[in-house]
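So the sequence lines, in the order shown, correspond to chains L and D. Following this note's numbering, the numbering of the first sequence begins with 1088 at its first residue and continues without gaps. Following this note's numbering, the numbering of the second sequence begins with 1088 at its first residue and continues without gaps. By construction, the Cβ of each residue, glycine as well, lies at the ideal position given by its N, Cα and C atoms. Here is the structure we will look at.
2 protein chains.
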Amino acid sequence: MTKNNKPYRLRLPGPTAVPEQIRMALAEPVVAHRGPEFAEVMAETGQLIKPILGTANDVMAFTSSGTGVMEAAIANVLAPGDKALVLVNGQFGDRFVQIIEGLNLQADTLEAPWGEAVAVDEIAKALQDGDYRAVVAVHNESSTGAVADLEAIGSAVRDSDALLVVDSVSGAGGLELQQDDWGVDVLVTASQKALMCPPGLGLASVSEKAWNVIENGAGQARFYWDFRRARESAAKGQTAFTSPMPLIYGLRESLRMIHAEGWPNTLARHRRLSSALRAGVQALGLAVFTKSPMLSDTVCVFEMPDGIDGSAIVRHFYETYGTVIAGSRSKLRGKVIRIGTMGCITDEDIRLDLEQLEGALSELGWSVEGGVGQAALEAALQPAN
Amino acid sequence: MTKNNKPYRLRLPGPTAVPEQIRMALAEPVVAHRGPEFAEVMAETGQLIKPILGTANDVMAFTSSGTGVMEAAIANVLAPGDKALVLVNGQFGDRFVQIIEGLNLQADTLEAPWGEAVAVDEIAKALQDGDYRAVVAVHNESSTGAVADLEAIGSAVRDSDALLVVDSVSGAGGLELQQDDWGVDVLVTASQKALMCPPGLGLASVSEKAWNVIENGAGQARFYWDFRRARESAAKGQTAFTSPMPLIYGLRESLRMIHAEGWPNTLARHRRLSSALRAGVQALGLAVFTKSPMLSDTVCVFEMPDGIDGSAIVRHFYETYGTVIAGSRSKLRGKVIRIGTMGCITDEDIRLDLEQLEGALSELGWSVEGGVGQAALEAALQPAN
């Protein structure tokens, strides 16, 4: 229940609502983190995650939020004096810059306006002109709904000495990822977005090209974040330091659910539901904020019409319906609303999202022709044939 | 169940068995980590933890293992060029040295043989001779069962410019802690030991003396571990980055349980059960490994007699009884066994520990007079009068 006793509905672009069977998995008894029972859990989880990330790498687990593994990725690959080229078109690109500068390293940026895509064809030129250890990108910029074309970025980086470091915290599990084929060298993600788990677990997957850099020890991660230590432990079905067991139990359950649905079906559901929500909301007369060619399937970001304050919409959702959607905590505050379309959501969820948005807009004085939004949403929900 | 279908009994010195009502708390629905419902959970948890640590400070929460917050403590207080004086008498003192050196800082050590106490009267002299930013100590050295006399160490450090940094990962919740009175400047602990929760949550509490150092920004923690950022968030009932919600729910439940038992009673139970287990095992003819004046109430460490391999005892416990106790992962491997006496344990637990140890020793050829151990244990369990 919410504080004012409405049934609570979590519709953020993360953390996302956790299905009951995953919540029950969290409650499984804690066992020895270096014993055979837990090694089995780790082994199964480690196998089930690979197709989701599109990798044959052993995936390493950290007790960490998404930001922690972003910092870990940087700390492992960049040595003092190294420069990174960061693609910035939203809040999490900015965060990478802060992390890099916080480690006393240099971050040059290739920028695009928020919501647009960074021009991939400038990457190759930048790599020729500058001596970059890494190109750093955000797969799914959840602050704007823009998705980076990792395949194209990977092609631009692949033949250089630079490593491609990618944050897919809000992408993995809801967006296609082909780490190995696309040439992503360090991929990090976390449990609480499309992977349907609570927050608390960070994941990292590292290419051979990146291991060659990390193994020589030039990086700055010497203990907690040290990928070398984590890799040794992962090979034994362990983590370097005590594992966040409930989260691993939860992730295993989540991955079992994804594979039971069929991973391509999970992806198609994300695409279908996010497209339908956008269609419905656009029919209400609102614009999709995102202008990049690739739109997110895991979060929908809508621009507020003149005179409508996004924060008031968010408040109305919470106070009237008990539904928690997101505004913006960045420079877009008040200008956009963001609704998660990832994890365990269903047709019913987005129908309700639209109905509540219609109610909120109407309350705030935006008149909407009845039924238009629902019709567009339902049309988009129909399977194409 | 264990892999060979015995009922599983977790008796490690952490992670410890998690009581069912805490496990159920982990499964509570995830909510918005910056919303009012979660702020209430954080506020209650933040109040309930203070008496356990003996502090009036706002306690900060991190998605982290114990090692992570140890690294965070160091990264926040030591600037490049700074030296720390580390008290080393076991594995976690060694770990602090590794962490400090990993950050390219200098760690001088005051050492004692493992299991003994570091001579507190050498600290004042060392502080006069060397220019130390911090004195670093382990409260409860779970590798050996030695407890540091933090009150005396605090007295030695208090009037110097140095900060006292303490790891009480395996102490807090089972050993008395008076952070403020004893002059502990940075105290870190974690969820999975005497606090009866699963692993995944690190906690840090910082004195005004330490804030004066941290706020000037000399430290190296610029983002994920930045205490300044964490402090701002804690004041709002939040964490700087997405909270590991299930662990916070669990910690709140754990603290409610401790306060329902009565915190002094919780401490007395740890003292009584650990003393009784030591008495019983000593009556079997085994020696307590720990030689420091202050013995741990949260872990009992026993020396193996000649010809008995500690690893074989650990294996016998697991294979025959389904009970997981610890040997050593350090230079004491094979020479000691370690049994956790922290968290939700009862008289029955230590009776069973002793019975199973008697069985294991007998199986490995150590003949024991029947009933002697149990008698000593039962005598020690009686309330003094």
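Closer than 7 Å at the beta carbon, the chain L residues around residue i
i                : result
serine 1330/D    : Pro1286
threonine 1407/D : None at all; the shortest Cβ gap to chain L is about 15 Å.
leucine 1334/D   : Gly1287
Residues that residue i contacts on chain D, provided the C-beta gap is smaller than 7 Å
i                : result
tyrosine 1311/L  : Thr1154, Gly1155 and Glu1158
leucine 1099/L   : Ala1119
proline 1351/L   : In chain order: nothing, as chain D lies at least about 27 Å away.
arginine 1132/L  : The question names arginine, but residue 1132/L in the sequence shown is threonine. Those do not exist, as threonine 1132/L stays about 15 Å from chain D at its closest Cβ, beyond 7 Å.
threonine 1428/L : Within chain D, no residue comes near threonine 1428/L; the closest Cβ sits about 17 Å away, beyond 7 Å.
Residue range of the beta strand (DSSP E) that includes residue i
i                : result
glutamate 1390/D : 1386-1390
threonine 1150/D : 1147-1150
valine 1128/L    : First-last for valine 1128/L: 1123-1140, but that is the alpha helix (DSSP H), not the beta strand (DSSP E).
lysine 1093/L    : Segment: none, lysine 1093/L is in no beta strand (DSSP E) and carries neither H nor E.
serine 1417/L    : That residue, serine 1417/L, is in no beta strand (DSSP E); it is neither H nor E in DSSP.
arginine 1494/L  : Shown here, chain L extends from 1088 to 1472; a query on residue 1494/L therefore has no answer.
alanine 1171/D   : 1170-1175
Proximal chain D residues relative to residue i, where beta-carbon distance stays under 9 Å
i              : result
alanine 1104/L : Pro1116 and Val1117
lysine 1090/L  : Gly1122, Pro1123, Glu1124 and Glu1127
The alpha helix (DSSP H) enclosing residue i, as first and last residue numbers
i                 : result
leucine 1464/D    : 1459-1468
valine 1184/D     : 1178-1189
glutamate 1198/D  : Note, glutamate 1198/D: premise wrong, no alpha helix (DSSP H); beta strand (DSSP E) at 1193-1198.
glycine 1367/D    : 1350-1370
arginine 1110/D   : 1107-1113
glycine 1434/D    : Residue 1434/D is actually aspartate in this sequence, not glycine. Where aspartate 1434/D is concerned, the enclosing alpha helix (DSSP H) stretches over 1434-1450.
alanine 1143/D    : Neither: alanine 1143/D is in no alpha helix (DSSP H) and is coded neither H nor E.
tryptophan 1298/L : 1295-1302
serine 1398/L     : 1397-1403
glycine 1306/D    : Unbroken run through glycine 1306/D: none, as it is neither H nor E.
threonine 1154/D  : 1153-1164
Cross-chain neighbours of residue i in chain L, by beta carbon under 9 Å
i                 : result
methionine 1111/D : Ala1114
leucine 1190/D    : Gln1307, Arg1309 and Phe1310
serine 1229/D     : Neighbours of serine 1229/D on chain L: none; closest Cβ ~12 Å, over 9 Å.
Proximal chain D residues relative to residue i, where beta-carbon distance stays under 8 Å
i               : result
tyrosine 1095/L : Pro1116, Val1118 and Glu1124
serine 1379/L   : Ordered by position in chain D, no residue passes the 8 Å Cβ test against serine 1379/L, which lies about 24 Å from the chain.
Cβ pair count under 8 Å reaching 3, the stretch 1280-1298 of chain D against the stretch 1144-1156 of chain D: Under the Cβ criterion (8 Å, minimum of three pairs), the stretch 1280-1298 of chain D counts as touching the stretch 1144-1156 of chain D.
The stretch 1372-1382 of chain L in contact with the stretch 1226-1246 of chain L per 3-pair CB rule at 8 Å: With a cut-off of 8 Å, the stretch 1226-1246 of chain L and the stretch 1372-1382 of chain L count as touching, because enough Cβ pairs lie within range.
Contact between the stretch 1171-1179 of chain D and the stretch 1194-1205 of chain D (3+ Cβ pairs under 8 Å): Taking a cut-off of 8 Å on C-beta distances, the stretch 1171-1179 of chain D touches the stretch 1194-1205 of chain D, as three or more cross pairs fall below it.
Chain D contacts from the stretch 1173-1187 of chain L (Cβ-Cβ distance under 9 Å): The stretch 1173-1187 of chain L vs chain D, Cβ under 9 Å: Arg1182, Gln1185 and Ile1186.
Chain-ordered residues of the stretch 1113-1125 of chain D with a beta carbon less than 9 Å from chain L: For the stretch 1113-1125 of chain D, which is checked against every Cβ of chain L, the residues closer than 9 Å are Leu1113, Ala1114, Glu1115, Pro1116, Val1117, Val1118, Ala1119, His1120, Arg1121, Gly1122, Pro1123 and Glu1124.
Residues of the stretch 1273-1299 of chain D with Cβ closer than 9 Å to any Cβ of chain L, in chain order: Correct list: Ala1277, Gln1279, Cys1284, Pro1285, Pro1286, Gly1287, Leu1288 and Gly1289.
Alpha helix (DSSP H) runs wholly inside the stretch 1308-1347 of chain D, at least 4 long, in chain order: Runs found: 1314-1322.
Complete beta strand (DSSP E) runs within the stretch 1258-1293 of chain L (minimum length 3 residues, chain order): The qualifying runs are 1273-1277 and 1288-1293.
Segments of 3+ residues assigned as beta strand (DSSP E) that fall wholly inside the stretch 1202-1265 of chain L: Runs found: 1221-1225 and 1250-1254.
Any 3 or more C-beta pairs closer than 8 Å across the stretch 1353-1366 of chain L and the stretch 1362-1369 of chain D: The stretch 1353-1366 of chain L makes no contact with the stretch 1362-1369 of chain D, as fewer than three CB pairs between them are under 8 Å.
Touching by the beta-carbon criterion (3+ pairs, under 8 Å), the stretch 1098-1109 of chain D and the stretch 1336-1356 of chain D: Contact between the stretch 1098-1109 of chain D and the stretch 1336-1356 of chain D is present, because at least three Cβ pairs lie under 8 Å.
Contact between the stretch 1211-1226 of chain D and the stretch 1253-1262 of chain D (3+ Cβ pairs under 8 Å): The answer is yes - the stretch 1253-1262 of chain D touches the stretch 1211-1226 of chain D, with three or more Cβ pairs under 8 Å.
Contact residues within the stretch 1411-1426 of chain D, judged by C-beta distance below 9 Å to chain L: Cβ contacts with chain L: Val1411, Ala1413 and Arg1416.
Contact the stretch 1447-1465 of chain L vs the stretch 1126-1139 of chain L: 3+ CB pairs below 8 Å: No, the stretch 1447-1465 of chain L does not touch the stretch 1126-1139 of chain L.
Members of the stretch 1351-1366 of chain L that neighbour chain D once the beta carbon cut-off is set at 7 Å: Cβ proximity to chain D below 7 Å picks out nothing from the stretch 1351-1366 of chain L.
The stretch 1133-1153 of chain L: positions lying closer than 9 Å to chain D by Cβ: Listed in sequence order: Phe1149, Thr1150, Ser1151, Ser1152 and Gly1153.
Any 3 or more C-beta pairs closer than 8 Å across the stretch 1156-1168 of chain D and the stretch 1303-1320 of chain D: Output reads yes: the stretch 1303-1320 of chain D touches the stretch 1156-1168 of chain D.
Three CB pairs or more closer than 8 Å across the stretch 1291-1301 of chain L and the stretch 1242-1250 of chain D: The stretch 1291-1301 of chain L, when compared against the stretch 1242-1250 of chain D, does not touch it at the 8 Å Cβ threshold.
The stretch 1121-1131 of chain L in contact with the stretch 1312-1324 of chain L per 3-pair CB rule at 8 Å: Taking one beta carbon from each stretch, the stretch 1121-1131 of chain L and the stretch 1312-1324 of chain L have 3 or more pairs nearer than 8 Å; the two touch.
The stretch 1423-1431 of chain D touching the stretch 1326-1336 of chain D, judged by at least three CB pairs closer than 8 Å: No contact exists between the stretch 1423-1431 of chain D and the stretch 1326-1336 of chain D.
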